[in-house]
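Just so you know, we're using the working numbering here: the sequence shown kicks off at 2 and counts up by one. Just so it is clear, CB atoms sit at the ideal spot from N, CA and C, and this is done for glycine as well. Computed from a predicted model, the values in this text were never measured in an experiment. Worksheet for the structure shown next.
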Amino acid sequence: MKSASWLAVLTLAYQSLGVVYGDLSTSPLYVYKSTFMGKLCLHENDEEIYGVLSFIFWTFTLIPLFKYIFFVLTADDNGEGGTFALYSLLCRHARLCVLPNQQASDEKLSAYGTEGAVDTWQSSMMKVFFEKHPRFRNWLLIIVLLGTCMTISDGVLTPTISEYVVVISCVILVGLFSLQHHGTHRVAFLFAPIVTAWLLCISSIGVYNIFQWNPSIFRALSPFYMYRFLQSTRTEGWVSLGGVVLCITGVETMFADLGHFSPFSIKIAFTFLVYPCLMLAYIGEAAFLSKHHQDIQQSFYKAIPEPVFWPVFVVATLASIVGSQAVISATFSIVSQCCALSCFPRVKIVHTSSQIYGQIYIPEVNWILMCLCLAVTIGLRDTNMIGHAYGLAVTVVMFVTSCLMFLVIIIVWKQRIMVAVAFLVFFGSIELFYISASLTKVHEGGWIPLILSLIFMCIMYVWNYGTLKKHEFDMENRVSIYRIFNSGPSIGMVRVPGIGVIYTEIVTGVPAVFGHFVTNLPAFHQVLVFVCVKSIQVPYVCEQERFLIGRIGPKEYGMFRCIVRYGYKDLQQENYNFENRLVSRITEFVETEGAESTSGLNTRPSSGFLSSDGEENQRCLSAFKEVTADGLEIVENSILRDESLEIMRARESGVTYILGNSHAKAKKPASILKKLAINIVYDFLGKNCRGPDVVLNAPPTSLLEVERHQRLQSCSNGTTALGDDGLKLLLEPLHSTSNDL
């Protein structure tokens, strides 16, 4: 068992070379060139070369090795990494969640994992602070979105930085993105040999250059040379550090791609292969430069011994292509998490591996990234400018991670606040130092990640804001099921055979669209199920815990509520047999409810009503029974048999899916900016994202979509206000795509 486990870890470590470390491993191609491209010049005493090498060594040692390998990778969220994984940990432990529909029962999930050390006074103080100041929770979300969007900007810039000929670069980019649908595991096995060969090549060349040109180069590893470098070069040296920071590009992908592999496999690959090979490469190139000052702009290729130049050149070209895979895979993971946490419109997410849960592919994001990469490559045609942009994006992401880790150390790990302060001051000061150097390059290409991140942030924030306001409206406009049933005789309400599955965005109460539907068409199905699909701040929810079932009203109403819970890494599959599972879980709920009642174990109210908070009478069923057309296993109880058979007969009559869509519109007094965000951006995203019928796997012939023409009015002036946020909501009609009731 142990040998098999080690084999699996080593296999993942090998695969990670082709996905996680492709970007980091190709940084020697452009670090020295980017550092010495400005006014910084070389002198005969080699102080500049020694100083730059010292900066590279200590930066590469402190940030990737100490910060990420020893600290950040241990802050995984059930095996998932990235900015949103840290945010998810904080949301669960400090109740910072901005997601709607959160319930106390969610905390009982096996993946929730808030048990552990008792709160310290520091962690309690931090939790109270966020509870008393909701505005800081919003600012925390903005910081998280900033780091997320900068990582996506990396995904645009990385594929463009290592190529020189525009036409060749464009062909390579199209080919690279065309491979993504095959999945990370296939791409990894294709790319891992290339990265392995590349690392062995550059480390061997580094050793050769050290002994050939300057065996005493190792003295440059002393931190003293960093001080001498800044003392002698002053402003020019400080500005040039924007090139040094490129040596750690791709470090954040170690954490972001954690779900594709495992923390241990990533640590093994970095510690025993990537780190020593890259350090030998940097030291060897510095040794070569100390004797060849004139070759500074082509130092990497000039340092390759002539007999092996062309083989290494071919491997370098292939490695440049592979370097893009890390951030592409990370971008897929990030967008998937954003969708689940209501920060990005719903898109198609495909799992490409049956063994590694986090390996996914998003077609829309893949092709958008490709178009942006081509635009940057063709528009700039200068890898130096792209390098400036890349350096700023990388440093901002790392600093955001440090800020989130500061909170994780206090709130999640329950450590003393001085430990968190020491972590933030030590690593944050290094990152701020490099950010300040990169900001001087904004006019030379650094504006690219800023603009891209601003666009992505606007999309994410507008989508999150609009989604929350729609949920507030739905909660404020719930209808009373008793009022509907009491008015039934006056409007001629009848029940028809079949099961009606009504999709709703709320976990308590009856949505307004159902009241409108019944008022205009006073007939609904014999069995009604209100289904809410929601996301939880955990990576995944196991199948046994996914469904939460409860009754609405007395038993004779035949109305149920089903809450379907997903983690932010769960795949809401299109081929998921939702109908079978739904009927099975409702039947199991009915049987279990009746069994408890007859055995005297039922301590709940006999009416079976849902309480106002939606928790009472709901349960997570641990057993799962697949329902087929042949029927299902019924316990020997006449009452249970009758209700179970009624549900089965209703299913045989047909299942109709009823969807209600609401659209947000800014009020007339709202600002132009809010009208632009809600009426144009949010409305466009809402109309073009994937609908809930995909999650429910609803067949088109059984789908009934309902909306309203009229505006909902809660004020005499005809507007529906949502607090002071300047929004109102309309329910506008959709046409039916199925046979009517």
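Worksheet item: Which one or two residues does DSSP pair with residue 78 in a beta bridge?
Response: 81, per the DSSP bridge assignment.
Worksheet item: Contact check, residue 110 vs residue 546 under 8 Å by CB: the rounded distance?
Response: 6 Å
Worksheet entry | Closer than 7 Å: residue 262 CB and nearest the ligand PLP heavy atom | The ligand PLP is not among the ligands present in this structure, which contains no ligands whatsoever.
Worksheet item: Can you tell which of 87, 53, 8, 55 has its C-alpha closest to the C-alpha of residue 414?
Response: 87
Worksheet item: What residue range is occupied by the uninterrupted alpha helix (DSSP H) comprising residue 548?
Response: No alpha helix (DSSP H) holds residue 548; the beta strand (DSSP E) holding it covers 548-552.
Fill in: DSSP-derived helix/strand/coil call for residue 395
helix
Worksheet item: So, residue 214 versus residue 310, is the Cβ gap smaller than 8 Å?
Response: Not in contact: residue 214 and residue 310 (Cβ atoms no closer than 8 Å).
Worksheet item: Nearest-angstrom Cα distance between residue 198 and residue 273?
Response: Across the structure, residue 198 and residue 273 are spaced so that their CA atoms are roughly 15 Å apart.
Worksheet item: Beta-carbon separation of residue 527 and residue 497 under 8 Å?
Response: yes
Discussion item. My output table needs one value for residue 360: the three-state DSSP class, helix, strand or coil.
Written reply: It is coil, neither helix nor strand.
Discussion item. Considering only the alpha carbon of each residue, which of 300, 261, 56, 229 lies closest to residue 34?
Written reply: Comparing Cα-Cα distances from residue 34 to each of 300, 261, 56, 229, the minimum goes to 300.
Discussion item. Below 8 Å on the Cβ atoms is my contact criterion, and I expect residue 153 with residue 457 to pass it. Report the Cβ-Cβ distance as a whole number of Å.
Written reply: Rounded, the Cβ-Cβ distance is 6 Å, consistent with contact.
Worksheet entry | Simplified DSSP assignment, three categories, for residue 660 | strand
Worksheet item: Closest to residue 529 by CA distance: which of 504, 543, 544, 508 is it?
Response: With distances taken between Cα atoms, residue 529 lies closest to 504.
Item to complete: Assuming residue 266 and residue 17 form a contact by the criterion Cβ under 8 Å, report the distance between their Cβ atoms to the nearest whole angstrom.
Response: 6 Å
Item to complete: Return the CA-CA distance between residue 10 and residue 286, expressed in angstroms with no decimal places.
Response: 33 Å
Worksheet item: Is residue 461 closer than 8 Å to residue 339 when the C-beta atoms are compared?
Response: The beta carbons of residue 339 and residue 461 sit closer together than 8 Å.
Practice prompt. Tell me whether the beta-carbon of residue 508 lies closer than 8 Å to the beta-carbon of residue 480.
Written response: The answer is no: Cβ separation not under 8 Å.
Worksheet item: Using a Cβ-Cβ cut-off of 7 Å (strictly less than) and excluding sequence neighbours within five positions of residue 14, which residues of its own chain qualify?
Response: 266, 269, 270
Worksheet item: Can you list, in chain order, the residues of its chain whose CB lies under 7 Å from that of residue 69, leaving out five sequence neighbours each side?
Response: Result list for residue 69: 252, 255, 256, in chain order.
Worksheet item: If you draw a straight line from the C-alpha of residue 20 to the C-alpha of residue 551, how long is it?
Response: 44 Å
Discussion item. With three or more C-beta pairs closer than 8 Å as the rule, is the segment 94-107 touching the segment 444-456?
Written reply: no
Worksheet item: Of the residues 542, 667, 500, 679, which one's Cα is nearest the Cα of residue 645?
Response: 500
Worksheet item: By Cβ distance below 7 Å, which residues in the same chain neighbour residue 559 in space, the five residues on each side in sequence not counted?
Response: 527, 528, 529
Worksheet item: Do residue 123 and residue 417 have their C-beta atoms closer together than 8 Å?
Response: yes
Worksheet item: For the alpha helix (DSSP H) that residue 472 lies in, which residues bound it at each end?
Response: 448-477
Discussion item. Please state whether the Cβ-Cβ distance between residue 584 and residue 652 is less than 8 Å.
Written reply: With respect to residue 652, residue 584 sits close: the two C-beta atoms are nearer than 8 Å.
Practice prompt. Specify the secondary structure class of residue 567 as computed by DSSP and reduced to three states.
Written response: Here DSSP, grouped into helix, strand and coil, assigns residue 567 to strand.
Worksheet item: What are the residues that DSSP puts in a beta bridge with residue 706?
Response: 660
Worksheet entry | Assigned secondary structure, residue 501 (DSSP; H/G/I helix, E/B strand, else coil) | strand
Item to complete: Since I believe residue 407 is in contact with residue 433 (beta carbons under 8 Å), could you give me their beta-carbon distance rounded to a whole number of angstroms?
Response: Actually they do not touch by this definition, with Cβ atoms about 13 Å apart.
Discussion item. I'd like the list of long-range same chain contacts for residue 56, defined as Cβ closer than 6 Å, with 5 residues on each side in sequence excluded.
Written reply: Here the set comprises 227, 245.
Item to complete: Could you spell out where the alpha helix (DSSP H) holding residue 278 opens and where it closes?
Response: Where residue 278 is concerned, the enclosing alpha helix (DSSP H) stretches over 276-290.
Worksheet item: Within this structure, are the beta carbons of residue 61 and residue 280 separated by less than 8 Å?
Response: yes
Discussion item. On the CB-based measure, 16 or more other CB atoms within 10 Å of its CB, does residue 419 come out buried or exposed?
Written reply: Exposed, since its Cβ has fewer than 16 Cβ neighbours within 10 Å.
Fill in: Alpha carbon of residue 347 to alpha carbon of residue 648, nearest angstrom
Cα-Cα distance, rounded: 32 Å.
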